[in-house]
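Structure first, commentary second.
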Ligand SMILES: Cc1cc2nc3c(=O)[nH]c(=O)nc-3n(C[C@H](O)[C@H](O)[C@H](O)COP(=O)(O)O)c2cc1C
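Residue numbers (our numbering): 5 to 187.
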């Protein structure tokens, strides 16, 4: 059993993250979900709350369970963190160390290994800004899963589609096994 922190960002692929939660829960893992405001425009937090059997974290300034700020308790709790889908915006924040919402703050704070599964329009994916951000994150040891080439929500068949929940599940399990959290 491991503690899986799932970050969900503002992409049409957010609905696929629900299946990912189910896979971890079925495998006996504990899952906590952190959503950005934009992610909540795509899938209701209630979906993730029910599947993960735990309230979803969205707001940095919401009343935490204990004395610790919510983003720090989640950062400390996680054995592994995965952002799926990972928007171009959140990837850019991660690269720069921006911590302006609960998800980006906990990603900056955590000592757990982190994986990202980008999902975006091909233009956003191929933009040198995104490519530089991805290369910098990978160089820091962040596991980049996908994206795939396939049919995109914007109507084109191109690179930018999020990897399947099954592939993300396997990649996160491999990452957690290879780099168990030490502190
Ligand atoms: C219908 C729709 C679909 C979108 N899909 C994506 C996407 O797949 N990937 C992406 O990076 N941004 C996508 N965006 C833009 C993001 O939602 C936007 O950049 C947002 O600020 C991301 O915020 P977040 O990173 O805090 O979740 C989409 C926007 C809309 C309106």
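Glycine residues also receive a C-beta, built at the ideal position from the N, C-alpha and C atoms.
What's the gap between the Cα of residue i and the Cα of residue j?
i: residue 33; j: residue 85; result: 13 Å
i: residue 78; j: residue 9; result: 7 Å
i: residue 82; j: residue 116; result: 6 Å
i: residue 62; j: residue 153; result: 30 Å
i: residue 60; j: residue 80; result: 16 Å
Give the DSSP-derived three-state secondary structure of residue i in the structure shown.
i: residue 127; result: helix
i: residue 162; result: strand
i: residue 103; result: coil
i: residue 154; result: strand
i: residue 61; result: strand
i: residue 87; result: strand
i: residue 186; result: coil
i: residue 176; result: helix
If you follow the beta strand (DSSP E) that residue i is in, where does it begin and where does it stop?
i: residue 122; result: 118 to 122
Kindly indicate the opening and closing residues of the alpha helix (DSSP H) around residue i.
i: residue 67; result: That residue, residue 67, is in no alpha helix (DSSP H); it is neither H nor E in DSSP.
i: residue 51; result: 49 to 56
On the three-pair Cβ rule with 8 Å, is the stretch 102 to 114 touching the stretch 133 to 141?
By the criterion of at least three beta-carbon pairs nearer than 8 Å, the stretch 102 to 114 is not in contact with the stretch 133 to 141.
Every unbroken beta strand (DSSP E) inside the stretch 11 to 40 [3 residues or more]:
Within the stretch 11 to 40, the runs of beta strand (DSSP E) at least 3 residues long that lie entirely inside it are, in chain order, 34 to 39.
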